[in-house]
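This is the structure:
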């Protein structure tokens, strides 16, 4: 306590900071005005660009040519379980060749739907069963079965892999604090801010265009939350339980596996839920490198601008996402509640009635599908297609509201997007490095200042400054609008239980949707371009702003509110002078999350024709140019890290002030 | 050592009981280079020295001896270091300096394997917040320490069933911790710590998380168990009334130091410092003080009755006051060694004697 107090006393007080900032801004303005005299300070000189991209490309080429035996064997080994899962769920098992070929059928769709219902019932009662079973039935009836099962098959192999890896890395981090500090934490931060696209490029290069490389990319992308959950869960085990295990005479291994990990199970299950949702998100995106499945359907439809088909596949993704999320959340919730006493029965089927029934139904329907084709594939006669409907809706909207939408779009571009863009792209890179470094120094100290300045400078010296600023402009604007919409909604939700009850399911659903899904409806109305990207990003990134604001206001201790009321505060005064200041750190955390989510989404919006770093990655992906893609990916990650570090430091400062 | 041999210890006079566990100048300092700091000073340091070195003294220069079969209570307010001290005794916390002797052998020098063996078979511990494993039911929780030792299922479940009977939890074997009340959870904690038949039993504020009525019930339960099992008990509490009710001897801790060790009576009659006196002020003295402390030499007057030297005043105060005559204090052979006058008892009850104690 005394240490922080003396440190802050040594720093210049607030008024001096005001003066410093004014001077700094003037200095940057001067640089901007003098750009004819010193253009190198505004636009990074092209001849001084450090060819990091070429170095990385060379390195990757070297790896590829020298380690192809390794990548090939990895592909072969991982291909076995993956093929099995894909055959089981989506394709059929083919045994033998040519004329003697004999096909074992995949699991019948009827059986899978029934099993989904039973799983839901076992985890959360018949209501959840109906929801989960219904989602699967929806997928079947809307003709997306095979694609959805390809996606599910990939997830079902990637997720256990993520869980096991995450668990072991988490344990390692927990055992060795130095490893956590020096290796794991920075790696996790980087992994979670590198855009999803950037993962695909090295995978594509090393493992080719195949489901295996999609699976590896998915596994890498979806592991961090499991690592974090393991670290958090182990750290949260009450110290008494730790002491107990010592006193019971546990060896280190017994302690970990029989006491600590089981005690941490609720937290671990939350991690599993996040892994599943991230894996789904990534599998959709990995369709670009051969994952196939629903993501590929969306991608094909979008490329051909078949909005109806894209919408249909998108809705199937939504159904799959909701089913997986609710199911895994219910299981996590059950674990958090702890177990309750059930009369033990010696019979397996009595102890696990749902599991037994599910296996029996799967076996029976799959056997039946040998003779009854309706069980093998969803009969055409009972499937619906809504594609023409969506198409008609879009045409109707375009015909009737074209002028309005167009006017809105043009006005937005002319009055908001273009000026901000011009401002950002003209911003001197040296000024940005300087100002961000200054902010880092004020908020935390020299270390943060150096980190922020170095990361910002990286974007410039790799020759990506203009694209970086294009990203910053679109991301910043979207995040700003998200906050403008989200924070008031969060405030309203915090003040009215009824409003909260309507908002919560909506944002819960928005949160589980893979980012791809947000693009589809917007692209239908606004076609490609920055406006589409911005609107999709706002819809995607608004969730944390709402959630954290609501939570921040609601978590203000009731005793403080009572104290305010007793002191004679009006509701207005209570809100503005007690609740809001106390909730501010939490709201800032929400803003931080919003920025990071907006960044992730903006990159994916490269698909709808933005001109930023995302496009750079996207182009690199299509050209399999690993150096270019990775450098652009790093630049994106660095934008995220800079924003995150500055906001975290600011939040920490605000928290410290509140005590 | 089995429970049967322990029970013999009761017949032996208290002071002759062997020393089970002893702390010799035990220190626990937090901060960098704490070990060097205290070694260089030969195990001596004043609070000012410690503060000057930027260290925090959680346990300072603790010397105490716990005898076999006694209930030894370590009492102190929160932050006094009592929890750290008990964790030093079981090496859950590694002391910075000093010796912890278990039956004369220095615990700090034994190997990790020996320590595990010791904890598995000879030490038991009960925790303030129960520390039950949430994923195991009552039976499995209690059998857990046995399963860690590698006992097979029938053996360990038989033993678990025995202790379940002992603590009165029959019928709840298959319940999970969250389905039990706080008192029941702590019964599970007690049963679990007894399952391995430990010789020394650490109870770290075992009843502090319970409601007052349940707490009293559990204290009675503990006394009942102790009359059957005769464990060596190290009991931590911040509640002086609880300490008085249960203790054979009490060590009072403040700021990491033990400031007085004695029977409840000794603490009440002869508090070492004002701090101890402050604790003992509101104690019902008649229940703590025995005839021995109140007696004076016989002056030849008539006696209205006889009492044993160890009899608490409360046990005969009504009869002595109504008799209106002094009672003779007689030792085991029936020989009078002094007398207690009604006036002395009345003074005690009225709190007049208090001045002497405070002096």
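Residue numbers (UniProt numbering), protein chains in the order written: chain A, 1 to 659; chain B, 1 to 359. Each residue gets a CB set at the ideal place from its N, CA and C atoms; glycine is no exception. As the structure is a computational prediction, the values presented were derived from the model and not from experiment.
Whole-number beta carbon distance between residue j and residue i, since they are thought to touch under 8 Å
i: residue 176 of chain B; j: residue 129 of chain B; result: That belief does not hold up - the Cβ atoms of residue 176 of chain B and residue 129 of chain B are roughly 16 Å apart, past 8 Å.
i: residue 316 of chain A; j: residue 278 of chain A; result: Not quite, the Cβ-Cβ distance comes to about 19 Å (not below 8 Å), so this is no contact.
i: residue 194 of chain B; j: residue 234 of chain B; result: About 15 Å separates the two Cβ atoms, so there is no contact after all.
i: residue 133 of chain A; j: residue 365 of chain A; result: The Cβ separation is near 14 Å, so there is no contact.
i: residue 463 of chain A; j: residue 198 of chain A; result: With a Cβ gap of about 17 Å, residue 463 of chain A and residue 198 of chain A do not count as contacting.
i: residue 71 of chain B; j: residue 246 of chain B; result: 6 Å
i: residue 309 of chain B; j: residue 285 of chain B; result: So it is not a contact: roughly 17 Å between Cβ atoms.
Any chain A beta carbon closer than 9 Å to residue i
i: residue 135 of chain B; result: yes
i: residue 128 of chain B; result: yes
i: residue 121 of chain B; result: yes
i: residue 87 of chain B; result: yes
i: residue 196 of chain B; result: yes
i: residue 53 of chain B; result: no
i: residue 145 of chain B; result: yes
i: residue 125 of chain B; result: yes
i: residue 117 of chain B; result: yes
i: residue 202 of chain B; result: yes
i: residue 314 of chain B; result: no
i: residue 320 of chain B; result: no
i: residue 193 of chain B; result: yes
i: residue 190 of chain B; result: no
Coarse secondary structure for residue i, derived from DSSP in three states
i: residue 96 of chain B; result: coil
i: residue 292 of chain A; result: coil
i: residue 657 of chain A; result: helix
i: residue 77 of chain A; result: helix
i: residue 66 of chain A; result: helix
i: residue 4 of chain B; result: Legend: pLDDT at residue 4 of chain B = 40, less than 50; position of this residue unreliable, value from coordinates given subsequently. In this structure, residue 4 of chain B counts as helix in the three-state DSSP scheme.
i: residue 357 of chain B; result: Here the model assigns residue 357 of chain B a pLDDT of 41, short of 50, so the residue's position is not dependable, and the following value carries that caveat. Three-state result, residue 357 of chain B: helix.
i: residue 91 of chain B; result: coil
i: residue 518 of chain A; result: helix
i: residue 85 of chain B; result: helix
i: residue 494 of chain A; result: helix
i: residue 23 of chain B; result: strand
i: residue 462 of chain A; result: coil
i: residue 372 of chain A; result: coil
i: residue 91 of chain A; result: coil
i: residue 591 of chain A; result: helix
i: residue 428 of chain A; result: coil
i: residue 253 of chain B; result: strand
i: residue 102 of chain B; result: strand
i: residue 205 of chain B; result: coil
i: residue 295 of chain B; result: coil
Proximity test, Cβ basis, 9 Å: residue i and chain B
i: residue 105 of chain A; result: no
i: residue 112 of chain A; result: no
i: residue 442 of chain A; result: no
i: residue 254 of chain A; result: yes
- Task: Taking only beta carbons into account, state which residues of the stretch 206–232 of chain B come closer than 7 Å to chain A, listed in chain order.
- Result: Close to chain A, meaning a Cβ-Cβ distance shorter than 7 Å, is no residue of the stretch 206–232 of chain B at all.
- Taking any Cβ of chain A, which residues in the stretch 246–258 of chain B have a Cβ under 9 Å from it, in chain order? none
- Query: What residues from the stretch 232–250 of chain A come within 8 Å of chain B, judged by C-beta to C-beta, listed N to C?
  - Reply: 238, 240, 241, 243, 244, 246, 247, 248, 249, 250
- Any 3 or more C-beta pairs closer than 8 Å across the stretch 190–199 of chain A and the stretch 636–655 of chain A: The count of Cβ pairs closer than 8 Å, one atom from the stretch 190–199 of chain A and one from the stretch 636–655 of chain A, reaches three, so the stretches are in contact.
- Count the C-beta pairs between the stretch 652–659 of chain A and the stretch 204–217 of chain B that are closer than 8 Å, then say yes if the count reaches three, no if not. no
- Query: Quick one, which residues of the stretch 259–287 of chain A are near chain B if we go by CB-CB under 8 Å, in chain order?
  - Reply: Listed in sequence order: 259, 262, 263, 265.
- Message: Does the stretch 488–508 of chain A come into contact with the stretch 290–305 of chain A, if we say contact requires no fewer than three beta-carbon pairs (one atom in each stretch) closer than 8 Å?
- Response: no
- Counting pairs of beta carbons, one from the stretch 263–278 of chain B and one from the stretch 91–104 of chain B, are three or more of them closer than 8 Å? no
- Are the stretch 57–67 of chain A and the stretch 113–131 of chain A touching, with three or more C-beta to C-beta distances below 8 Å? With a cut-off of 8 Å, the stretch 113–131 of chain A and the stretch 57–67 of chain A do not count as touching, because too few Cβ pairs lie within range.
- Query: Which residues, taken in chain order from the stretch 82–109 of chain B, show a beta carbon closer than 8 Å to some beta carbon of chain A?
  - Reply: 87, 90, 92
- At a cut of 8 Å, does the stretch 268–278 of chain A reach the stretch 107–123 of chain B through at least three beta carbon pairs? Remark: fewer than three beta-carbon pairs, one from each stretch, lie closer than 8 Å, so the stretch 268–278 of chain A and the stretch 107–123 of chain B are not flagged as touching.
- Hey, is the stretch 39–50 of chain B in contact with the stretch 71–89 of chain B, meaning 3+ C-beta pairs nearer than 8 Å? no
- Should the stretch 317–329 of chain A be regarded as contacting the stretch 232–244 of chain A, the criterion being three or more beta carbon pairs within less than 8 Å? no
- Three or more C-beta pairs below 8 Å linking the stretch 90–102 of chain B and the stretch 276–296 of chain B: no
- Item | Touch test, the stretch 576–590 of chain A against the stretch 600–610 of chain A, Cβ-Cβ under 8 Å, three pairs minimum | no
- Are at least three pairs of beta-carbons, each pair with one atom in the stretch 183–198 of chain B and one in the stretch 118–135 of chain B, less than 8 Å apart? The stretch 183–198 of chain B vs the stretch 118–135 of chain B: in contact.
- Message: Quick test of the definition: if touching needs 3 or more C-beta pairs under 8 Å, does the stretch 202–214 of chain A touch the stretch 63–80 of chain A?
- Response: In short, these stretches touch, since the Cβ pair count reaches three.
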